[in-house]
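According to this note's numbering, the residues represented by the sequence shown are 43 to 111, in order. Ideal Cβ placement from N, Cα and C applies to all residues, glycine included.
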Amino acid sequence: MDQAGVALYHRVMRWENFEKAAKDLVSLVYAAEKKEPGKPRTLYLDIDGHRNAQGRFDADMRSSKRDSD
C-alpha cells in the first residue's frame, strides 16, 4: 500500500545562525515523526541571506546544505 508522505518546510532567517537552524530542524523532524510515525518525509528549506561575496552560501549555512550553485 502506498503511503502519503509528510512535507516539512522551514525558513532560515538571515539573523539565525547554524546552531539555531539545526535545533529548529531537529524539532520539526521530531514533531513530524511523533504526529505521523514511520511516514516518509520531504524537507523544503529556504535560506534567507547567508551569502558570501561570490553569491554562494556562507560558511555557517554550508554546514546545513550541499552547495550546488
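- Taking one beta carbon from each stretch, the segment 93-100 and the segment 58-73 have fewer than 3 pairs nearer than 8 Å; the two do not touch.
- Its Cα nearest to that of V54, the residue L87 stands out among L87, A74, V71.
- Ranking G97, P82, K81, L50 by CA distance to the CA of V68 puts L50 first.
- Per the coordinates, the alpha-carbon of A73 lies some 11 Å from the alpha-carbon of D66.
- Each residue's CA atom was taken as its position, placing A101 and R56 some 13 Å apart.
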